[in-house]
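Sequences listed follow chains P and Z, in order. First residue of the first sequence? That's 1 in the numbering used here, and the numbers climb one at a time after it. First residue of the second sequence? That's 1 in the numbering used here, and the numbers climb one at a time after it.
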Amino acid sequence: GAVVSQHPSRVICKSGTSVKIECRSLDFQATTMFWYRQFPKQSLMLMATSNEGSKATYEQGVEKDKFLINHASLTLSTLTVTSAHPEDSSFYICSVGSSGGPQETQYFGPGTRLLVL
Amino acid sequence: EDQVTQSPEALRLQEGESSSLNCSYTVSGLRGLFWYRQDPGKGPEFLFTLYSAGEEKEKERLKATLTKKESFLHITAPKPEDSATYLCAVKGAGNNRKLIWGLGTSLAVNP
């Protein structure tokens, strides 16, 4: 399967600042990456689908102006949490789709823990 | 509405005590059922994909099976290192590439 990295693994920031999280596909050219958020004791929640060279597709209820996604290359997608607030504190995880076809499997990065003070 | 329900919510086993985790699903046109393992503070690790009823896949002490309504993850003679949360997800014909996730089963294996 695909090997995916994320940076940073953990970040603490002050309320009102912006934070950028990087997701890299290390051994696979990913035209599509997925961004998830996971709260304690809850399931993974898809935030958006990131497409290389085009605009991301956001899930209902996710503010695209707050969670900026850039997928500038086949190996890198970034998620920027703008004007972060304590309620944005969560575990953010990206994944890479293996093929885009009917038998696609998603491979996940190690996640980024965001704490907004 | 597409839905995934996992049971039990938590399971505690003694080392060597075999058991099964359940994933019940409702989806329009199953395109795949996925099992992942998630350790605390980590991203999900891919285990298996099952595509059609009757299919089985095996990896070390884990075996996944699939029917038209549910999937089981059988754990044979578990070891403490098998302790983790096991997540089940499905992809349906109407969901494009989106996965529908269960809440997971938290497994603890005592030595």
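For every residue, glycine included, the Cβ atom is placed at its ideal position computed from N, Cα and C. Source: prediction; values computed, not measured.
Tell me whether P:Ser50, by its Cβ, gets closer than 7 Å to a heavy atom of the ligand MN.
Among the ligands in the structure shown, none appear at all, so the ligand MN cannot be discussed.
Using beta-carbon positions only, say whether P:Gly109 and P:Val4 come within less than 8 Å of one another.
yes
With DSSP collapsed to three states, give me the class of Z:Glu58.
strand
So, for Z:Ala53: in the same chain, excluding its five sequence neighbours on each side, which residues have a beta-carbon less than 8 Å away from its beta-carbon?
These residues qualify, in order along the chain: Leu66, Thr67, Lys68.
Return the chain-ordered list of same chain residues with a C-beta closer than 7 Å to the C-beta of Z:Arg31, the five sequence neighbours on each side being excluded.
Lys91, Gly92, Ala93
Beta-carbon within less than 7 Å of Z:Asp176's beta-carbon, same chain only, minus the 5 sequence neighbours each way: which residues are those?
Since the first residue shown for chain Z is 1 and the last is 111, residue 176 of chain Z is missing from the structure and cannot be characterised.
Closer than 9 Å by beta-carbon distance: list the chain P residues that pair up with Z:Gly32, in chain order.
Pro102, Gln103, Glu104, Thr105
Within 10 Å of its beta-carbon, does P:Leu44 have 16 or more other beta-carbons around it, so buried, or fewer, so exposed?
buried
Just to confirm before moving on: does the CB-CB distance between P:Ser50 and P:Phe34 stay below 8 Å?
yes
Taking Z:Pro44 as the reference, which of Z:Leu50, Z:Leu103, Z:Pro111, Z:Lys79 has the closest Cα?
Z:Leu103
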